[in-house]
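Under my numbering, the first residue of the sequence shown carries the number 53, and numbering increases by one thereafter. Report on the following structure.
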Amino acid sequence: MADVKWTKEQQDAIYDSGSNILVAAAAGSGKTAVLVERIINKVINENVDIDKILVVTFTNAAASEMRERILEAIYKKMEEFPDNKNLQRQVILINKASICTIDSFCLDIIRNNFFEIDASANFRVADTTEIELLKQEVIDDIFEEKYLNNDKDFLKLINTYTTYRDDEPLKELLLNIYRYIQSSPFPEEWLEEKVEMFNLKDKINQDFSKTIWGKILLQTLKEEISDYIINFRKIEKDLNKYEELQKFKLVISEDIINLEYVLENLNEWNNAYEKANSVVWSKWPTDRKVTLELKDTAKALRDSIKKKYNKSISKILLYDSKEANENIYNMYDILKSIENLILEFGAQFAKRKKEKNIVDFNDIEHFALKILLKHEDGKIVETDIAKKYKEKFVEIAIDEYQDSNLVQEYILTSVSKGNNIFMVGDVKQSIYKFRQARPELFLNKYENYSLKERKHRKWSKNTTI
């Protein structure tokens, strides 16, 4: 690595300290090499023991390669300073250094602190096939019990989503939701929070635009109408260049006025409902004497916008405020039943896994998180174990950060000092969406970190989370 000529931006990433750092760089730009060089610099020049650095990769192969590159650099330095005791110690320490995948790090936390979560010391990580078969067995048993007990809420769900002859779609829905919420640090709380968003029992008469649903829908409509107006103004400007196209231009101008009027009234639901549904589109003039192609271009654009507008209004502003609130609330009981089924499945699934003394990959992360964080007086606080890891690690380096999920983010943040995380990645290379990777974590940091500290758009050094 010593023969590599680093750019100024890369040198900043290698040697800067005292803050969290995000390196955003494209494939092949050397970002992982920079991460390795930074670690080598910490060990050789800053005398940081290698076991005081947590290096997280996303494959075992990448972890092995990184360990080899670091060891090679240490041996090379030992050739220059054969009597250096610090370098000799690093060769020994690297065998127990935390250069591993996030799953391996979480397993290490669990095996060293299994007693904190009432887990067995000799649990086994089950393979995917075994876990999927167990899931199916658990949900089949739950459904059979519901049928036998003639559970009313369950039967209502069956009537809503499927039939007695084929209840597989409902099973698949439940399993998909269960799988999705595992990417949340606290899945049960997340699910309850989202379902309660539909509980508008005491808010039926409120302005629907004040609900999260109304806000999203009106914002969507605002963006669409603003886009229509922009396109109309462009064609209006072109039509205005020709005297014989003035009658067509006047129609477009009227359309702009109407859409601007609607846009101005998209802040209160009933007002938006009334104004948007009252738009009248004037008849397009006919004049065979006008042969300019721009006339037909303008008509085609208008017809397209008119069709899109009417479709959006018919989908978004279909009901007045009270009706919209009632429709959302009518979904609440169904969603609450789904929530209860998912929670029951989760509890039974966890029980069966414990009986078999197995864990799955989601358990690995969630068990580690449970060991590191706890709820206390309505707040999430770090445990004493998290504080020990926090004191242990001088630096936390994360490769391929764009593939992190929110659970992993909580885990790694809980063992950091708040200013010692070094992340590298490229959001365009995110490949773990199927495991609920959250590339937006990368993007949010990239956009929110201190803009003043950016050295280059490809290489960004950031000072705050």
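Idealized CB from N, CA, C, for every residue including glycine.
Query	Result
Of the residues Lys431, Asp385 and Asp436, the one placed nearest Leu207, counting alpha carbons only	Asp385
Distance, Arg285 Cα to Thr349 Cα	14 Å
Backbone CA spacing between Lys422 and Ala328 [nearest angstrom]	50 Å
DSSP-derived helix/strand/coil call for Phe445	coil
Same chain, Cβ closer than 6 Å to Asp103, neighbours up to 5 away in sequence not counted	Leu145, Lys148 and Ala149
Proximity winner among Asn409, Ala65 and Asn99, relative to Val518 (alpha-carbon distances)	This structure leaves residue 518 out entirely; the chain is present only between 53 and 517.
Which residues DSSP lists as bridging Val476, in chain order	Val75
Start and end residues, alpha helix (DSSP H) containing Leu291	Ile264 to Leu291
Span separating the alpha-carbon of Asp160 from that of Asp205	42 Å
Which of helix, strand or coil DSSP assigns to Glu428	strand
Alpha-carbon to alpha-carbon, Ser71 and Gln142	25 Å
As assigned by DSSP and simplified to three states, the class of Val342	coil
Three-state secondary structure (DSSP) of Thr109	strand
Beta bridge counterpart(s) of Lys410 as assigned by DSSP	Just to set this straight, residue 410 is Ile in the shown sequence, not Lys. In the DSSP output, where bridge partners are listed per residue, Ile410 has Arg176.
Chain-order list of residues whose beta-carbon lies under 6 Å from that of Asn319 (same chain, five-residue window excluded)	none
Exposure label - His427; buried when at least 16 CB within 10 Å	exposed
Where Glu320 sits in the DSSP three-state scheme	coil
Buried versus exposed call for Tyr361 [16 or more other C-beta atoms within 10 Å across all chains shown]	buried
Separation of Ile394 from Tyr199, as counted between CA atoms	16 Å
Terminal residues of the alpha helix (DSSP H) in which Thr465 lies	Leu458 to Ser466
Whole-Å CB distance - Glu447 paired with Phe474, under 8 Å assumed	6 Å
Segment contact, 8 Å Cβ cut-off, at least three pairs: the region 329-344 with the region 269-278	no
Pairwise C-alpha distance: Asn228 and Asp218	17 Å
Sequence-distant residues of the same chain with beta carbon closer than 8 Å to Leu315, five excluded per side	Lys274, Ile277, Ser278 and Ile281
Where Leu185 falls, given that 16 or more other Cβ within 10 Å makes a residue buried	exposed
Close-in-space but distant-in-sequence residues of the same chain around Gly266 (CB under 6 Å, 5 per side omitted)	Phe260 and Trp321
Segment contact, 8 Å Cβ cut-off, at least three pairs: the region 74-84 with the region 457-476	yes
Candidates Asp478, Tyr441, Val467 and Ala449, of which the one nearest Cys152 by Cα	Ala449
Option nearest Ile256 by Cα separation, candidates Lys347, Asn382 and Glu189	Asn382
Cβ shell of Glu452 (< 6 Å), same chain only, five flanking positions each side left out	Phe110 and Gly477
Per-residue DSSP class, three states only, for Val433	strand
Rounded straight-line distance, which links the Cα of Lys358 to that of Lys293	24 Å
Bridge-paired residues (DSSP) for Cys152	Val108
Of the listed residues Lys405, Tyr67 and Leu458, nearest to Arg176 (C-alpha basis)	Lys405
The region 159-174 contacting the region 109-123, beta-carbon criterion three pairs below 8 Å	no
Three-state secondary structure assigned by DSSP to Ile518	Look at the range of the chain in this structure, 53 to 517, and you will see that residue 518 is not part of it.
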